[in-house]
Structure formats: structure tokens, C-alpha cells
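Q: If you scroll down you'll find the structure; I have some questions about it.
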Amino acid sequence: MFNMPDLQIFDSLTHPTPEGKWLDSRYDHLCSAEALRRQMDEADIRQLLAVGMGESVGGYREARYADWVRTSIPGALPVAYCDPSVFPSSGPELRARCRSLRDAGYVGIKLHPRLGGFTFENESLADLIQTADETGLFSMICTYNYGKGLDLDRLSLGRLTKLLNSLDDPRVILLHGGTVAALEWAEAVRMWPNVLLDLSFTILRFKGSSLDADLRFLFRTFDERICVGSDHPQFSLVELRRRVQEFAQATTPDKLAKIAYRNLDRFVTESSR
Numbered sequence: 004m005f006n007m008p009d010l011q012i013f014d015s016l017t018h019p020t021p022e023g024k025w026l027d028s029r030y031d032h033l034c035s036a037e038a039l040r041r042q043m044d045e046a047d048i049r050q051l052l053a054v055g056m057g058e059s060v061g062g063y064r065e066a067r068y069a070d071w072v073r074t075s076i077p078g079a080l081p082v083a084y085c086d087p088s089v090f091p092s093s094g095p096e097l098r099a100r101c102r103s104l105r106d107a108g109y110v111g112i113k114l115h116p117r118l119g120g121f122t123f124e125n126e127s128l129a130d131l132i133q134t135a136d137e138t139g140l141f142s143m144i145c146t147y148n149y150g151k152g153l154d155l156d157r158l159s160l161g162r163l164t165k166l167l168n169s170l171d172d173p174r175v176i177l178l179h180g181g182t183v184a185a186l187e188w189a190e191a192v193r194m195w196p197n198v199l200l201d202l203s204f205t206i207l208r209f210k211g212s213s214l215d216a217d218l219r220f221l222f223r224t225f226d227e228r229i230c231v232g233s234d235h236p237q238f239s240l241v242e243l244r245r246r247v248q249e250f251a252q253a254t255t256p257d258k259l260a261k262i263a264y265r266n267l268d269r270f271v272t273e274s275s276r
């Protein structure tokens, strides 16, 4: 079915839910563990991050989601949804909460400004990201910040730069890579050695646009610092494999292997130490 069957892909962003339901009901049939396992088989993808989206989505419960993911979807690693407004803001309570997530089997936390209603200027965000890293959890930050009523200035790359510059190089994945501004975000990411620029959603949503030229440039020149994902259920794992293989001609086999698998695998492995 595919031209490069030996290419390993580590999907950075999937959203299986215990109840098999999603934010958009059109995708409900794709969200169950069984449906995701089928997609993994079809796309020959053996490792992925399964990311919770809060208790209003699909039956997510922090106390149970990690165990459900690990027992229901072989090869999946769970990431906890994190709303800064309901987490301890700092100190021993925050550290204990992060340790409890790690002990429950989570490998990271997901920060979603649009869904959580916060900006990069949130006063507790810096302590949360740093403490998570110190307790063995990386942070995933959504960079798709478009929508009615959003304070785009406080969700800008400049504000995120100020936030990350205030921290001690924690492990962070910038989900969707700044979307249409991926090249600009890649240039900014260079200054933070422990930040990965993730191309989930973006690599699929803007297929055929002028952004393809920027992504080809990143595949050729920024192979140490990017990873890929589907943003399932909106896009399928099969679509992800096809798109990654489309960009194969833009780079070398070794660089492609880093982008498709090794970078994220190393990142997760380092986080679990």
C-alpha cells in the first residue's frame, strides 16, 4: 500500500476517548480504542501519544485515562490534559500533583489555551511547565490560536518566547508548529534545545498550499528539531504516513527517520528517565 513500508512513524498527537466521543460528533466513530488500533494497523504505525482533552470530552478521567490507554492501545503512551486554573499554582502541592500524574503512568501534560481559556501570560504557567519537567513530564502546548474572542496578542510567538525564556530549558512540544507560521516558529525554536516543533495537523490541513515549500525546507534543514503527527481523529494515521512519505524526496533517509520517529522517541525516552 505504501512506497516506504520500513519507515517507522511515531504519531505525536492522537485523541482516543474511553466513550468513543469527540468534540465534533462527526468523528465519534473514530475515537474508540478499537478504531484507533485499526488505524494503527492500516498505517503500520506502532507508537503514538494518546492525549486527553479534559473531562468534558469523551469520558476522560485523569485518574483512569493513563491505565485505559496503556491496556487498550498497545504502543500508546498517555498524556494528561492540564487546566492551569484547577492545578495548584506552585510549591509542594504542584510538585505532588505532577508526581501523581507520573506515578499514574502519564508521560506528559497537554496545555490547550483555547480550550482552557488561558494565555501565555498565565501567572502559574511557568511554574507548571518547569515543575512538570522536573518530575519527569514533558509539556505539550497547542499553538493553534485562532478563533472568535481570543486574545491573539497574548497567544503570540512573542509572548511564548517570553515564557520559555523565563524557564530552565524544560522539555516542551509545540503542537502544530505555529500552523501557517511554521517557518517563523522554527527559527524561534532554535534557541531552546529541549523544545520540539511538532507538525501535527499542519502537515495535513494545509496540503497543497504554499506552506508545503516551508515544510520541505524544514524537512531538509531542521531535521533534529521537528516531529510529526496526525491530530487524530480529524486526520487519519494513513493520511499522516502518506504525507510524511511525500516529503521524503525533500530530505535524506537519515533525516527523514529522525523527523518521523527518532526525535520524538528520544524526547519521550529522556522524559521517562
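To convert a position in the sequence shown, counted from 1, into the numbering used here, add 3. The beta carbon of each residue, even a glycine, is placed where N, CA and C say it ideally should be. Note that the structure is predicted; figures quoted are calculated from it, not measured.
Is Thr-164 helix, strand or coil when you go by DSSP?
A: Within the sequence shown, the letter at position 161 stands for residue 164. Three-state DSSP puts Thr-164 in a helix.
Q: Quick check: the region 240-257 against the region 26-33, are at least 3 beta-carbon pairs closer than 8 Å?
A: In short, these stretches do not touch, since the Cβ pair count stays below three.
Q: With burial defined as no fewer than 16 other Cβ atoms inside 10 Å of the residue's Cβ, what is the status of Phe-5: buried or exposed?
A: Position 2 of the sequence shown, counting from 1, holds the residue named residue 5. In this prediction, Phe-5 has a pLDDT of 45, which is less than 50 and means its spatial position is unreliable; what the coordinates show is noted afterwards. Exposed, by the Cβ-count rule.
Q: Measure how close the beta-carbons of Leu-51 and Gly-78 come, nearest whole angstrom, since I'm counting them as under 8 Å.
A: Against the sequence shown, residue 51 aligns to sequence position 48. Against the sequence shown, residue 78 aligns to sequence position 75. Yes, Leu-51 and Gly-78 are in contact; Cβ-Cβ is about 7 Å, under 8 Å.
Q: Taking 8 Å as the cut-off, does the region 48-63 touch the region 89-106 (at least 3 CB pairs, one atom from each stretch)?
A: The region 89-106, when compared against the region 48-63, does not touch it at the 8 Å Cβ threshold.
Q: Out of His-18, Arg-64 and Arg-100, which has the shortest C-alpha to C-alpha gap to Pro-236?
A: Against the sequence shown, residue 236 aligns to sequence position 233. Measuring from the Cα of Pro-236, the nearest candidate turns out to be His-18.
Q: So for Ile-176, helix, strand or coil by DSSP?
A: Within the sequence shown, residue 176 is the residue found at index 173, counting from 1. Three-state DSSP puts Ile-176 in a strand.
Q: Ala-216: buried (16+ other C-beta within 10 angstroms of its C-beta) or exposed?
A: For the purposes of this step, residue 216 is taken as the residue at position 213 of the sequence shown. So Ala-216 ends up on the exposed side.
Q: If you reduce the DSSP assignment to three classes, tell me which class Val-54 lands in.
A: If you number the sequence shown from 1, residue 54 lands on position 51. Strand at Val-54.
Q: Hey, how far is the Cα of Gly-211 from the Cα of Arg-162?
A: Numbered from 1 along the sequence shown, position 208 holds the residue referred to as residue 211. Numbered from 1 along the sequence shown, position 159 holds the residue referred to as residue 162. Straight-line Cα distance between these residues: approximately 30 Å.
Q: When the Cα atoms are used, what is the spatial distance from Tyr-149 to Asp-201?
A: By one-based count along the sequence shown, residue 149 stands at place 146. By one-based count along the sequence shown, residue 201 stands at place 198. Computed Cα separation, rounded: 18 Å.
Q: Does DSSP classify Ser-15 as helix, strand or coil?
A: By one-based count along the sequence shown, residue 15 stands at place 12. Three-state DSSP puts Ser-15 in a strand.
Q: Between which two residues does the beta strand (DSSP E) containing Ser-142 stretch?
A: Taking the first residue of the sequence shown as position 1, residue 142 is located at position 139. 141-145 is the extent of the beta strand (DSSP E) around Ser-142.
Q: From the DSSP output, read off the bridge partner residues of Cys-85.
A: Working through the sequence shown from its first residue, we reach residue 85 at position 82. Paired residue(s): Leu-114.
Q: Could you check where the alpha helix (DSSP H) with Asp-106 kicks off and where it finishes?
A: As a first step, residue 106 must be located in the sequence shown, where it is residue number 103. 94-107 is the span of the alpha helix (DSSP H), which, as asked, contains Asp-106.
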